[in-house]
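Novice: Please find one structure pasted underneath; my questions will follow.
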Amino acid sequence: MPEPVGDATMSALHYALNGLALRQRTIADNTSNIETPGFLAGKVNFEDALRTSVADGTDPFGSSPTTARSLEPTRTNGNNVNLDEETVAGSETNLTYDLAVQAMTAKFQLLRIAVGGNA
Amino acid sequence: MSTFGTMDAANSGLVLYRKWLDAVSDNIANINDVRSTSDSAFQARYVVAQAADYGNAGGARVGGIALGDAKGRVVNQPDNPLADAQGNVRLPDIDLSDQMTQLIIAQRGYQANLAVVERAHDAYSAALKLGQ
Chain H
1 MPEPVGDATM
11 SALHYALNGL
21 ALRQRTIADN
31 TSNIETPGFL
41 AGKVNFEDAL
51 RTSVADGTDP
61 FGSSPTTARS
71 LEPTRTNGNN
81 VNLDEETVAG
91 SETNLTYDLA
101 VQAMTAKFQL
111 LRIAVGGNA
Chain W
1001 MSTFGTMDAA
1011 NSGLVLYRKW
1021 LDAVSDNIAN
1031 INDVRSTSDS
1041 AFQARYVVAQ
1051 AADYGNAGGA
1061 RVGGIALGDA
1071 KGRVVNQPDN
1081 PLADAQGNVR
1091 LPDIDLSDQM
1101 TQLIIAQRGY
1111 QANLAVVERA
1121 HDAYSAALKL
1131 GQ
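As structure tokens, this is what we get:
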């Protein structure tokens, strides 16, 4: 019997929140280093690992989100952070984060009904 | 990684660009400094940014300060009280248009990091409302 609180949905959402938080932090890092010579933008990926674990029915926490360095062409100072890209990615990450929080809240509300409280 | 790590990274960017702005305003304030030719000219300061913990999203910091030319430019001003026997004084070799470019880089950098702080605030507020 699956656990009522820590089921697959919760686990996937939890993993997504972790990955999105890391991405947000990496965007902050990229933005603060926009004029740092030789700095390559960091790009976080957690979707691939999450998709695989959901498809296989395994625990997503078996792997961690990964940060790769962007291989895009650099400016003359060896830096390849694009402010427009980071801003769009930041907004998107925030909205996705809100979405995951809402999904988790909905899940908690179901649990609250199930345990006999008022939703 | 602290509880509000995104805030820390964005804050380090704010501090960096504030210092950058300070350096630029100091350079512009001293653009007409007169020195005697036996002294070195006022040297402009340029902030060199550096990643605080490269690869671990630790934000940015001031890695060092690059100094402008100490020789400056020698100008003939016989009436200047600091002029030498030949009537020459030393002025800093600071280009105002270059400083204005630096000023805009610093200003835009500050604004971009401030936008990240606001976004981080929204995300953390959402996380704190989880389950409500």
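Here the protein sequences come in this chain order: H and W. This note's numbering applies: residue 1 is where the first sequence begins, and numbers increase by one. This note's numbering applies: residue 1001 is where the second sequence begins, and numbers increase by one. The beta-carbon is built from N, C-alpha and C at its ideal position, and this holds for glycine as well.
(1) Is the beta carbon of residue 1096/W closer than 7 Å to that of residue 1072/W?
(2) Comparing the C-beta of residue 1012/W with each C-beta of chain H, is any distance below 7 Å?
(3) I need the straight-line Cα distance from residue 107/H to residue 114/H, nearest angstrom please.
(4) Among 1094/W, 1093/W and 1076/W, which has the Cα closest to the Cα of residue 1087/W?
(5) Per DSSP, residue 1080/W forms a beta bridge with which residues?
(6) Does residue 69/H pass the burial test, meaning 16 or more other C-beta atoms within 10 Å, or should it be called exposed?
(7) Are the region 89 to 96 of chain H and the region 1014 to 1027 of chain W touching by the rule of at least three beta carbon pairs closer than 8 Å?
(8) Taking the alpha-carbon of residue 41/H as reference, which of 1038/W, 1054/W, 1047/W and 1044/W has the nearest alpha-carbon?
(9) Once you ignore the five residues that flank residue 63/H on each side, which residues in its own chain have a CB closer than 6 Å to its CB?
(10) Express the C-alpha separation of residue 1110/W and residue 1009/W in angstroms, rounding to a whole number.
(11) Can you name the start and end residues of the beta strand (DSSP E) that residue 1046/W belongs to?
(12) I'd like to know whether the C-beta of residue 95/H is nearer than 7 Å to at least one C-beta of chain W.
(13) Contact check, residue 1074/W vs residue 1101/W under 8 Å by CB: the rounded distance?
(14) Tell me which same chain residues have a C-beta within less than 6 Å of the C-beta of residue 16/H, skipping the five on either side of it?
(15) What residues from chain H crowd round residue 1119/W, counting only those whose CB sits closer than 8 Å?
(16) Report the rounded CA-to-CA distance for residue 1006/W versus residue 1084/W, giving the unit in angstroms.
(17) Counting Cβ pairs closer than 8 Å, one from the region 1048 to 1062 of chain W and one from the region 13 to 28 of chain H, do we hit at least three?
(18) Can you name the residues of chain H whose CB is closer than 7 Å to the CB of residue 1027/W?
(19) Of all the residues that make up the region 1025 to 1059 of chain W, which are near chain H by a beta-carbon distance shorter than 8 Å?
(20) Find the residues of chain H that neighbour residue 1127/W, judging by a C-beta separation of less than 9 Å, and give them in chain order.
Specialist: Taking the coordinates as given:
(1) no
(2) yes
(3) 11 Å
(4) 1076/W
(5) Paired residues: none, contrary to the question.
(6) exposed
(7) The region 89 to 96 of chain H is not in contact with the region 1014 to 1027 of chain W.
(8) Residue 41/H has its Cα closest to that of 1054/W, out of 1038/W, 1054/W, 1047/W and 1044/W.
(9) Contacts found: 49.
(10) When only Cα atoms are considered, residue 1009/W and residue 1110/W end up about 13 Å apart.
(11) 1045 to 1051
(12) no
(13) In fact, because the Cβ distance is near 26 Å, the residues do not count as touching under 8 Å.
(14) Counting only Cβ-Cβ distances below 6 Å, and skipping sequence neighbours, we find 100.
(15) 24, 90, 91 and 94
(16) Distance between the alpha carbons of residue 1006/W and residue 1084/W is about 56 Å.
(17) yes
(18) The premise fails here: residue 1027/W is roughly 17 Å from chain H at the closest Cβ pair, so nothing lies under 7 Å.
(19) 1048, 1049, 1050, 1051, 1054, 1055, 1057, 1058 and 1059
(20) 17, 21, 97 and 101
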